[in-house]
């Protein structure tokens, strides 16, 4: 099968639902999926935040300090750290009045090289066509 | 304290959420609450279906036949059977194009005397002002 | 000082409404109020002891026990618990199990009721 | 005949999405397809045996066992289960526990994936 | 792409669907999504049913569970069962989205 | 009546609030309800904030959890903590509605 592409699409805001977190933790699990796969196979996920889901990528989340629960922010940074692409829909940011300087743009503090990509919905549509499976959260 | 009035307000459609069912079963539990109360005290609930919640009162629900789960319809009828008032908002029925002949109007098949009351939102607002506590489901 | 009853229905992991309810209860007790809590629907997930405290998930067993130690009554819907496979022996110490009429009865004397339906 | 993988995340009681998933699996198996199921999030509520079959609540343990008897693989997210207090000894017979990578790996060979995020 | 979208809710997921494009698009109404097939809010069809080029299906089990029958269903929508959904997934579409 | 409405969501519960009347009305934004206080969709305030005669509050814990601070909050809305909510419930309002 070789490399199989998956698109993880988060369309809801964080915390009121476990879904955005589960999208991130499942995508990150692609790193260790080899043990269940044949030689040469792999899964290659991309994380996409779209619609109200772009609110997941707002920075300075304090869930750990206030509720003792890992922030969605730290999961997004973990994705960047393992070179897992994180995309945020530009049009939805604009609709909600979110500026890039409010968003998680990188995880340099953790040593990650990959940066968040702010993309247009057309890019997301194109990626939906390219991947093998869609996972809406 | 005497008789304490409670308003159970269901604003969501049935089945996609456990809430409407829990509203009904909790309201019905008022019948047996005496064991926890002082002599002379009682709770007097009214069930109200409002907004998209009026869809709970559509008749001929087949959840038991198809999924093996008690219908919301049968819970509504149980309310009528124990003389627990069931109100459905007329304006919302009209908005959604629901006619009275599509709705649960009575539980005569179970021997109930009380009938569903189709009320205006103004009546519901008035009741919200009268009761001691509101329970939104 | 007054009496506040919280009826909580959303699940332990997900909406964080249970986190809200316990924080509110804590603040209420700190101000000297009597607080009661009724757990029903998916909130009966609190009625299973031995939950592992991972940082990715809400974990409230410890806080609940502290608050019960300060006089909060916590009662869980028995039928909702049994339907999910939580039996008497699974119940955390200090938590009571009862049928829904317990909650209805509490509404009579309580000064305030915050019913968190959710989900 | 093909292979269909269902990823299911909503809770046992509430949305009825688990009822949907098992009915779909049943129909798929009846048509000769191979069906796999991944249970994560609140859907790990399936990983607690001894749930009482009340008529007011979805009860799927029996149907799940029948379908596993017909070759359906059912695997549950281990961390999600432990966080909710469902341990190894609680797991219904025939159900596997694994980490999330099991689901990711399944997506490689399966012909179709229906991911039911929900809630 | 050949995309089957499962609409499982009534009020929350229409916007996501509105944006999606596919050469072949199936919209399968399940759970509370069935209200798109039977409710005419303020006398109008659900906006979902105006999605251009889509084929619409509604699951009879979820329709009848909620007290509706094929007689109530909008003429744009075909009433199907679980077996039909399996065939749509395995034969007619390649990718699935559950909204 | 003196009514405190807890808005815990962003997209689903505004209509119910819109209809409600009370001599004294408090709207307490919690959980995802906080977005009503900080997001200006298409440049506009949330319609919730135009509810006539209401007092608006937002829970700082839920605001900061989601990456926002008092600096982002609409000037119509007062930032409060859990202790303040207790006082509002016990002293200022009589009935509560969690939407």
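Protein chains in written order, with the numbering used here: chain C, 1070 to 1206; chain X, 1070 to 1206; chain F, 337 to 455; chain R, 337 to 455; chain S, 12 to 110; chain A, 12 to 110. Just so you know, even glycine gets a beta-carbon here, dropped at the ideal spot from N, CA and C.
{"Query": "Residue-chain proximity (residue 1041 of chain C, chain R), Cβ-Cβ < 9 angstroms", "Result": "With chain C covering only 1070 through 1206, there is no way to say anything about residue 1041 of chain C."}
{"Query": "Within-9 angstroms CB hit, residue 1121 of chain X to chain S", "Result": "yes"}
{"Query": "Spatial neighbours of residue 33 of chain S in its chain, beta-carbon cut-off 6 angstroms, leaving aside the 5 residues before and after", "Result": "12, 14"}
{"Query": "Anticipated Cβ contact below 8 angstroms, residue 45 of chain A with residue 99 of chain A, distance rounded", "Result": "Wrong, their Cβ atoms sit about 16 angstroms apart, outside the cutoff."}
{"Query": "Where the beta strand (DSSP E) through residue 68 of chain S begins and ends", "Result": "65-70"}
{"Query": "Beta carbon of residue 1200 of chain C nearer than 9 angstroms to that of residue 1075 of chain C", "Result": "yes"}
{"Query": "Simplified DSSP state of residue 433 of chain R, which is helix, strand or coil", "Result": "strand"}
{"Query": "Stretch-stretch touch, CB-based, cutoff 8 angstroms, three pairs: the stretch 72-79 of chain A with the stretch 21-31 of chain A", "Result": "no"}
{"Query": "Neighbouring residues, chain A, relative to residue 1132 of chain C (Cβ below 7 angstroms)", "Result": "76"}
{"Query": "Residue 446 of chain F burial status per 10 Å Cβ neighbour count (16 or more: buried)", "Result": "buried"}
{"Query": "Beta bridge counterpart(s) of residue 1113 of chain C as assigned by DSSP", "Result": "C:1074"}
{"Query": "Beta strand (DSSP E) segments (min. 3 residues) lying fully within the stretch 1098-1165 of chain X", "Result": "1111-1118, 1155-1158"}
{"Query": "Contact under 9 angstroms by Cβ, residue 375 of chain F with residue 345 of chain F", "Result": "yes"}
{"Query": "Contacts that residue 352 of chain R makes with chain X (C-beta to C-beta distance below 8 angstroms)", "Result": "1084, 1085, 1136, 1138"}
{"Query": "Enclosing alpha helix (DSSP H) for residue 39 of chain S [first to last residue]", "Result": "No alpha helix (DSSP H) holds residue 39 of chain S; the beta strand (DSSP E) holding it covers 35-40."}
{"Query": "When X:1103, X:1153, X:1099, X:1073 are compared against residue 1181 of chain X, the one with the closest alpha-carbon", "Result": "X:1153"}
{"Query": "Span separating the alpha-carbon of residue 37 of chain S from that of residue 81 of chain A", "Result": "45 angstroms"}
{"Query": "Chain-ordered chain R contacts of residue 29 of chain S [CB-CB under 7 angstroms]", "Result": "Chain R residues near residue 29 of chain S: none, gap ~19 angstroms exceeds 7 angstroms."}
{"Query": "Under 9 angstroms from the C-beta of residue 1125 of chain C: neighbouring residues of chain R", "Result": "Simply none; closest approach about 14 angstroms."}
{"Query": "Identified DSSP bridge partners for residue 24 of chain S", "Result": "In DSSP, residue 24 of chain S forms no bridge with anything."}
{"Query": "Interface flag, residue 1081 of chain C vs chain F, CB-CB below 9 angstroms", "Result": "no"}
{"Query": "Per-residue contacts from residue 364 of chain F into chain A (C-beta, under 7 angstroms)", "Result": "97"}
{"Query": "Residues that DSSP places opposite residue 438 of chain F in a beta bridge", "Result": "Residue 438 of chain F pairs with nothing; no bridge assigned."}
{"Query": "Residue 423 of chain F beta carbon less than 9 angstroms from that of residue 1203 of chain X", "Result": "no"}
{"Query": "Distance between beta carbons of residue 1117 of chain X and residue 1079 of chain X, contact taken as under 8 angstroms", "Result": "7 angstroms"}
{"Query": "C-beta contact flag for residue 453 of chain F and residue 1206 of chain X at 9 angstroms", "Result": "yes"}
{"Query": "Contact residues within the stretch 430-453 of chain F, judged by C-beta distance below 9 angstroms to chain A", "Result": "447, 448, 449, 450, 451, 452, 453"}
{"Query": "is_contact[residue 1165 of chain C, chain A] using C-beta, thresh 9 angstroms", "Result": "yes"}
{"Query": "Pairwise C-alpha distance: residue 425 of chain F and residue 30 of chain S", "Result": "51 angstroms"}
{"Query": "Run of the beta strand (DSSP E) containing residue 1172 of chain X, from where it starts to where it stops", "Result": "Careful: residue 1172 of chain X lies outside any beta strand (DSSP E) and carries neither H nor E."}
{"Query": "Best match in F:369, F:353, F:361 for proximity to residue 110 of chain A [C-alpha to C-alpha]", "Result": "F:353"}
{"Query": "N-terminal and C-terminal residue of the beta strand (DSSP E) that residue 1017 of chain C is part of", "Result": "Nothing can be reported for residue 1017 of chain C: it is not among the residues displayed for chain C, which extend from 1070 to 1206."}
{"Query": "Which of helix, strand or coil DSSP assigns to residue 356 of chain F", "Result": "helix"}
{"Query": "Beta-carbon proximity check, residue 364 of chain R vs residue 455 of chain R, cutoff 9 angstroms", "Result": "no"}
{"Query": "Residue ranges of each alpha helix (DSSP H) within the stretch 343-401 of chain R, 4 or longer", "Result": "353-366"}
{"Query": "Check whether residue 55 of chain S and residue 68 of chain S have beta carbons under 9 angstroms apart", "Result": "no"}
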